[in-house]
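In what follows, a structure is listed as structure tokens, so that the remarks can point back to it.
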Amino acid sequence: MKNRLILPVLLLLAWGCQKEAPLPEGTAARVGGETITQQDIDARTALLSKEDREFAKTPIGRQNLLQIITREKLISAAAKEEGLDQSDIYLSLMDDKRAQMAEIYQQFAEQTLERMWYDKLQEAGVTAVTDEEIAEYYKKYPYEMTVRQIIVDNAQTADQVLRALKASPSRWKELERQYSSAPETLKTLSFMPGEYLTDIEVIAANSPAGSVQGFFKTAQGFHIIMKTNEKRLSRKEAEPRIREVLENKKLDNVLESLKNKYEVVIYEKSE
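Heads up: take any position in the sequence shown, counting from 1, add 97, and you land on this note's numbering.
Here it is, written out as structure tokens:
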């Protein structure tokens with residue numbers, strides 16, 4: 098009888114002495130067969146606000162963050178065990194998100210190329226603006242104009258609104274609220290010559306304050322404007338704005354030359 102007990106006891110001892118497989122270096126926690134590493138913690142920390150990132154560097158903050166990650170891994174493991182990751186709803190949501198991420202990636206790729214191309218132009222001095230150019234522009238256009246504008250999407254409505262305003266300019270707010278499609282940033286607008294639409298700038302520059310002018314067709318729609326103010330700017334105030342205007346003009350010249358190289362056709366026409 099005694100000899101019969103020896104083998105089971107030895108097996109139990111051997112099983113009890115087995116060691117858990119060594120964990121990967123940098124492992125902070127484990128949920129089932131999935132480990133949580135320092136890389137996981139760093140990736141999550143990068144998504145936190147500046148204040149929360151500072152807290153996550155403290156021992157208590159790190160433990161709190163680790164508890165949050167562990168909890169999420171635990172929920173994920175339970176969801177997968179129930180087969181939720183193979184459900185039609187989950188797979189559909191993942192397909193939608195994959196499409197969104199692909200679009201975001203494409204937009205980022207295009208914006209990066211645009212930025213690199215523009216930086217190359219700047220490095221080559223193509224869009225560089227000299228002090229002499231700024232001085233000459235300021236000599237011609239040392240002022241800023243402010244206009245109110247109503248923008249509508251068709252000529253018939255524009256004509257109707259213009260007639261009403263010519264008869265009674267005091268109805269501006271009423272008609273603006275009723276008909277204008279302009280965003281808040283365009284309802285009242287201050288600009289130096291070169292900062293807005295050329296057609297609107299010319300009309301505003303040649304209009305007395307308080308008079309209603311219109312309607313003028315642009316890519317934005319049909320404009321009715323009222324110039325409310327014009328003031329002279331100091332050279333210091335105007336210089337950075339003039340520099341940007343002139344840089345944009347030089348960039349526009351480059352883009353115009355590219356239109357001759359690459360065929361550009363816009364099939365959709367405004368009214």
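The C-beta atom is built at its ideal place from N, Cα and C for all residues, glycine as well. No experiment lies behind these values; they were computed from the predicted model shown.
Leaving out five residues before and five after residue 301 in sequence, what residues of the same chain have Cβ atoms less than 7 Å from its Cβ? 242, 244, 322, 324
Evaluate residue 206 with the Cβ neighbour count: other Cβ atoms within 10 Å of its Cβ, from every protein chain shown; 16 or more gives buried, anything less gives exposed. exposed
State the CB to CB distance for the pair residue 248 and residue 283, rounded to an integer number of angstroms; the pair is presumed to be in contact (CB under 8 Å). 7 Å
Where residue 217 falls: helix, strand or coil (DSSP): helix
Under 8 Å between C-beta atoms of residue 75 and residue 279: This structure cannot settle anything about residue 75, because the visible part of the chain is limited to 98 through 368.
Please report the residue range of the beta strand (DSSP E) in which residue 125 lies. 124–128
Taking only three categories from DSSP, how would you classify residue 146? coil
Hey, which unbroken runs of the alpha helix (DSSP H) at 4 residues or more fall wholly within the stretch 300–363? 332–358
Reduced DSSP category for residue 155 - H, G, I as helix; E, B as strand; rest coil: coil
Between which two residues does the alpha helix (DSSP H) carrying residue 253 extend? 252–264
Using a Cβ distance threshold of 8 Å, determine whether the stretch 206–222 contacts the stretch 162–175, with at least three qualifying pairs required. no
Grouping DSSP H, G and I as helix and E and B as strand, with all else coil, what is residue 242? strand
Contact between the stretch 329–344 and the stretch 214–233 (3+ Cβ pairs under 8 Å): yes
So what does residue 287 bridge to, in DSSP terms? 243
How far does the alpha helix (DSSP H) with residue 233 in it reach, from first residue to last? 228–237
Cut-off 8 Å between Cβ atoms - residues of its own chain near residue 164, not counting five sequence neighbours on either side: none
With 16 as the cutoff for other CB atoms within 10 Å, does residue 290 come out buried or exposed? buried
From the DSSP secondary-structure annotation, give me the bridge partner or partners of residue 396. Nothing can be reported for residue 396: it is not among the residues displayed for the chain, which extend from 98 to 368.
Quick one: is residue 277 buried, meaning 16 or more other Cβ sit within 10 Å of its Cβ, or exposed? buried
Between residue 328 and residue 240, is the Cβ-Cβ spacing less than 8 Å? yes
Do residue 298 and residue 313 have their C-beta atoms within less than 8 Å of each other? no
Distance between residue 350 and residue 268 (C-alpha atoms, nearest Å): 42 Å
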